[in-house]
Each structure stands twice: as C-alpha cells, then as structure tokens.
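Add 13 to a position in the sequence shown, counting from 1, and you land on the number used in this note's numbering.
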Amino acid sequence: MAKLKIGALVLAAGSSQRFGTDKRTTQLRNGNLMVIETLQKIVSNFEETAIVLKESDDEVEKLIKENYLEPEPFVYRATESHQGIGNSLSSSISVSIDRQWSGTFIFLADMPFIKSETIAILKEEALINNRSIIIPEFESFRGHPVFFPSRFYQELGLLKGDQGAKKIIESNLESVKQVEVADEGITKDIDCPEDLE
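This is the structure in structure tokens:
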C-alpha cells in the first residue's frame with residue numbers, strides 16, 4: 014500500500030490589527046521571530062510545508078528563506094487575504110490538491126508555543142485515521158492544527174470572508190476525532206503583545 018502523503022498549510026496572511034505591529038516578525042524570548050519559531054516545529058515533522066502569505070509579503074518571505082529551514086517551506090501568496098481567513102484558506106487549499114496531499118494539517122502562524130512532539134503525535138494519528146477530521150484538545154479545549162482529509166478539500170475551497178473551517182467541522186461531526194494532548198500550546202494563539210507573557 015502506498016504511503017499517505019500528508020502536508021502542512023501554515024496560514025500567515027492575517028493583518029495583525031489587534032497586535033499593533035506585524036506579529037509574525039515579533040521576537041520571542043528565545044530570540045526567534047514568531048513565524049520562524051512556528052515554522053521550525055512544523056517543517057521538522059513534514060516532508061512538505063506551505064506557508065500562506067499576503068501578496069505584499071516580500072520581507073516575510075525573505076526572512077523565511079534567510080533562516081534556512083529544512084526542508085524549506087514553499088510560499089503561497091493569497092491574493093485575496095485582505096478579505097479574510099476564509100479566502101486565504103479557500104485559495105491555498107489548491108496547494109494540497111496540486112501537491113496531491115491525501116490530507117492537510119491547517120496551522121496558524123501565530124501559535125509558536127505548540128510542541129514539536131505534539132505535531133508528531135497528531136501526524137501519527139492522521140496516518141491511522143486518515144478519513145477523519147482530527148482536532149487536538151488540551152483539558153477539553155480544542156486547538157490547532159486541524160487535519161482535513163482530501164475529501165474535504167472541495168468544501169474548504171468554498172470558504173469566504175472571516176469564515177474559517179469551523180462550519181465544515183460542525184457539519185461533519187460524525188467524521189471528527191478529538192485527540193487529547195498534554196500541550197497547552199495548541200490553544201495559545203498570539204493576538205496581542207500580552208499573549209507573549
């Protein structure tokens with residue numbers, strides 16, 4: 014049986030309005046930039062990772078390339094990212110289709126505290142339950158990344174505006190598998206500077 018090809022899609026095309034500055038390039042306590050910290054943990058677990066940036070994100074793309082991540086993530090420019098996360102996700106799911114991923118983990122770039130080991134556990138779960146939507150939980154709180162098998166790509170491709178994938182999850186509860194993890198990082202996204210403390 015052929016090995017399943019699972020990829021990672023990292024959404025990083027938001028506007029950072031509540032943060033005040035571009036949070037993706039904010040320096041964390043360990044010296045890493047937020048987007049690099051998040052990507053390091055992801056790329057070490059996947060053969061293929063795509064990061065979704067805004068059309069105008071030349072500087073962020075340059076920073077990513079300068080950090081020599083291995084394997085190097087490839088960049089997808091979401092031309093309609095200003096219209097909301099739904100548009101970013103719906104257009105970038107084309108990467109999953111083009112790369113023939115049998116399933117895709119959707120990550121948020123502003124979640125640098127997730128552990129690499131957690132990602133490995135979730136990926137292993139996806140290889141076993143590759144027809145399920147897989148959602149990590151920490152103390153009953155759902156988090157990210159969320160895994161979508163390829164059978165949901167068409168629905169993901171229809172998302173618009175600020176509508177994320179939650180609607181698809183709620184419409185397919187019988188296909189959802191929740192995985193309890195010992196990692197608060199799956200629930201901690203950075204919306205304002207205080208979230209870094």
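Just so you know, even glycine gets a beta-carbon here, dropped at the ideal spot from N, CA and C. Note that this is a predicted model, so its numbers are computed, not measured.
Assign aspartate 175 to buried or exposed, taking buried as 16 or more other Cβ atoms, counted over all protein chains shown, within 10 Å of its Cβ. Aspartate 175 counts as exposed, since fewer than 16 other beta carbons sit within 10 angstroms of its beta carbon.
Which of the three DSSP states, helix, strand or coil, is assigned to valine 23? strand
Under three-state DSSP, which class holds glutamate 61? coil
What is the DSSP secondary structure of alanine 195, counted as helix, strand or coil? coil
Rounded straight-line distance, which links the Cα of glutamate 137 to that of valine 159: 13 Å
Among residues of its own chain, excluding the 5 on either side of leucine 41, which ones have a beta-carbon nearer than 8 Å to its beta-carbon? Met47, Glu50, Pro125 and Leu209
Simplified DSSP assignment, three categories, for lysine 128: Correct three-state label for lysine 128: coil.
Buried/exposed call for arginine 144, threshold 16 Cβ in 10 Å: exposed
Taking serine 109 as the reference, give the member of His95, Ile64 and Glu193 with the closest Cα. Ile64
Alpha carbon of threonine 117 to alpha carbon of glycine 177, nearest angstrom: 15 Å
Are the beta-carbon atoms belonging to serine 94 and lysine 54 less than 8 Å from one another? Cβ atoms of serine 94 and lysine 54: not closer than 8 Å.
Would you decide whether serine 101 is buried or exposed? Buried here means 16 or more other CB atoms lie within 10 Å of its CB. buried
Three-state secondary structure (DSSP) at arginine 37? helix
Output needed for leucine 169: all residues of its chain with C-beta closer than 7 Å, excluding positions within five of it in sequence on either side, in chain order. Leu102, Ser103, Ile106, Phe161, Ala178 and Ile181
Quick one: what's leucine 121 bridged to in DSSP? According to DSSP, which records beta bridges pairwise, leucine 121 is partnered with Leu24.
With distance defined between alpha-carbon atoms, name the residue in Ser115, Lys173 and Asp35 nearest to phenylalanine 165. Here the closest residue by C-alpha is Ser115.
Do aspartate 196 and phenylalanine 151 have their C-beta atoms closer together than 8 Å? Taking a C-beta distance under 8 Å as the contact criterion, aspartate 196 and phenylalanine 151 qualify as a contact pair.
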